[in-house]
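See structure below.
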Amino acid sequence: MKISRWAIGASIAVVTSFLCTAVNAETIKVGVIATFSGPNAIWGKQFREAIDVYVAQHGDEVAGQKIQFIYKDVGGPNADASKAAAQELLVREGVKYLAGFDFTPNAVAVAPLLKQAKVPAVIFNAGTSSINKQSDYFLRSSFTLWQIAQPVGEWAAKNGAKKVVTAVSDYSPGIDAETAFTSAFEKNGGTVVEKIRMPVQTTDFAPFMQRIKNSGADGVFAFLPAGPATFAFTKAYNENGLKAAGISFYGTGETDETTIDALGDQAIGLITSYHYSDVHDSALNKSFVAKLQELHPGSRANMASVGAYDGVNLIYKMIAAAGGDGQKAINAAKGLEWESPRGPVKIDPESRHVIQNVYIRRVEKNADGKLVNREFVTIPNVPDLGFNP
Ligand code: PHB
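Numbering (mature numbering (1 follows the signal peptide of the UniProt record, and there is no 0)) for the sequence shown: -25 to -1, 1 to 364.
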């Protein structure tokens, strides 16, 4: 039989193309958009390390498909950089899932791209309720400000607070926090005597502390993006004598595990409302924290870690159910339930946000001398109270 050179060439081309298709079909790319540089670089670090933990525990293949994470740095809250990163990931890299999103503006910026690309985006942190209304392709594995501020507003009113000042960063999650706290606190008999909105870039909090003192309030409720801002605010609360004057502190992310050690003993006694503490008492959390310390010695798990860890779990479950089919993946995600290092969680089929326990915590010194957020009240199965406020 005579085989022409053309036929050999053609069959090689077919085989090569088949092999390439097979390799592509078996690799699903996940683009992670976050802050890996600048003053807020801790967000990207925490996300990435938690992904390492998840992959170390569960492998890098789902139903025969290899999972590849591609990281993109956007340098902080930066909508334009986030949109450009998403475009590059979708068009050039062909990612089937997007994830990350530490700051609200970075998530909002990609909303119009998701529908067009039919690609799900799992939010590991950004906490403004309205984000999930901006695209049916958003899912959220973190928390919302409504979800944590409403419970602490009610708890504060029922535990002796009468007059509170709210002090929030002046952007959308801050406004959500102010609204949620105020409505719950006032419904339960308290009065918000002043609402302070602070510029996001502020680092000098002394003038705000003076206003809180002058207001005659017995407490302050705060929201600022966790990191340098919360650190400076909490320090100013102590250094300007508010703690000494007996003005109670009702916070959110101020005492997260990555800043608590730097705050030192001045953090002891601070009350916060949140969905994760690294000393949450469960076997799953202990194994999560232990694996993180094994892979990244010196790191502490915080809300960013658990948001990423559960977010990757959600992505793995979607890939198992739907491969790279975005619409099918979103349908599969709705109603999923699992045990997280934070406690039981479920994806609300309507809001596509995580229903979870919210904990009221107090900073204490552990037996080993480490400062920790000790959970002492559990409000079970709280949905995103801001999706339909
Ligand atoms: C947000 O921008 O939604 C955000 C950022 C930092 C936080 C919480 C929320 O700690």
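Glycine residues also receive a C-beta, built at the ideal position from the N, C-alpha and C atoms.
Asked                                                                                                                 : Found
Helix, strand or coil at valine 66 according to DSSP, with G and I counted as helix                                   : helix
For proline 148, the nearest candidate out of Thr166, Gln122 and Ser158 (CA to CA)                                    : Gln122
Glutamate 269 versus alanine 304 - alpha carbon distance                                                              : 32 Å
Sequence-distant residues of the same chain with beta carbon closer than 6 Å to glutamate 350, five excluded per side : Ser252, Tyr334 and Arg336
Which listed residue (Met278, Tyr46 and Gln302) has its alpha carbon closest to that of proline 316                   : Met278
Given 8 Å, three or more beta-carbon pairs between the segment 295 to 314 and the segment 205 to 221                  : no
Any non-hydrogen atom of ligand 1 closer than 7 Å to phenylalanine 11 Cβ                                              : no
Any 3 or more C-beta pairs closer than 8 Å across the segment 24 to 37 and the segment 47 to 60                       : no
Cβ contact check for the segment 291 to 305 and the segment 34 to 53: 3 or more pairs under 8 Å                       : yes
Counterpart residues of valine 357 in DSSP-defined beta bridges                                                       : Gln331
8 Å Cβ cutoff met for isoleucine 171 and phenylalanine 156                                                            : no
Classification of lysine 162 by the beta-carbon crowding that lies within 10 angstroms, buried from 16 upward         : exposed
Proximity to glutamine 241 [Cα-Cα], best of Val127, Val338, Ile322 and Gln176                                         : Val338
Candidates Lys93, Lys20, Pro14 and Glu1, of which the one nearest isoleucine 8 by Cα                                  : Lys20
Cα-Cα separation between threonine -5 and phenylalanine 118, rounded to whole angstroms                               : Low confidence applies here, because threonine -5 scores a pLDDT of 43, under 50, leaving its location unreliable and the question unanswered by this model.
Contact set for lysine 90: own chain, Cβ-Cβ below 8 Å, skip 5 residues either direction                               : Ser110, Asp111 and Tyr112
Glutamate 153 and valine 143 closer than 8 Å at C-beta                                                                : yes
CA-to-CA distance, aspartate 236 to threonine 2, given in whole angstroms                                             : 40 Å
Cα-Cα separation between aspartate 145 and lysine 188, rounded to whole angstroms                                     : 20 Å
Near ligand 1: proline 200 beta-carbon under 7 Å from a heavy atom                                                    : yes
Beta-carbon proximity of alanine 86 to tyrosine 225, cut-off 8 Å                                                      : no
Cβ-heavy atom distance, alanine 101 to ligand 1, below 7 Å                                                            : yes
DSSP-derived helix/strand/coil call for leucine 199                                                                   : coil
Straight-line Cα distance separating isoleucine 98 from leucine 64                                                    : 16 Å
When Ala220, Ile322 and Leu245 are compared against threonine 230, the one with the closest alpha-carbon              : Leu245
Strand pairing of arginine 115, partner residues [DSSP]                                                               : Ile98 and His328
Threonine 79 beta carbon near ligand 1 (any heavy atom closer than 7 Å)                                               : yes
DSSP three-state assignment for asparagine 348, whether helix, strand or coil                                         : strand
Cβ-based neighbour list, glutamate 314, same chain, cut-off 6 Å, excluding 5 preceding and 5 following                : Leu259
Identity of the residue in Val94, Val287 and Gly318 nearest alanine 31 by Cα                                          : Val287
Proline 148 Cβ short of 7 Å to ligand 1 heavy atom set                                                                : yes
Exposed unless 16 or more other CB atoms sit within 10 angstroms - verdict on valine 320                              : buried
Valine 140 versus Ala101, Met173 and Glu312, residue with shortest Cα-Cα distance                                     : Met173
For leucine 120 and valine 150, the rounded distance between their alpha carbons                                      : For the record, residue 150 in the displayed sequence is isoleucine; it is not valine. Looking at the two C-alpha atoms, the distance is approximately 9 Å.
Near ligand 1: glycine 286 beta-carbon under 7 Å from a heavy atom                                                    : no
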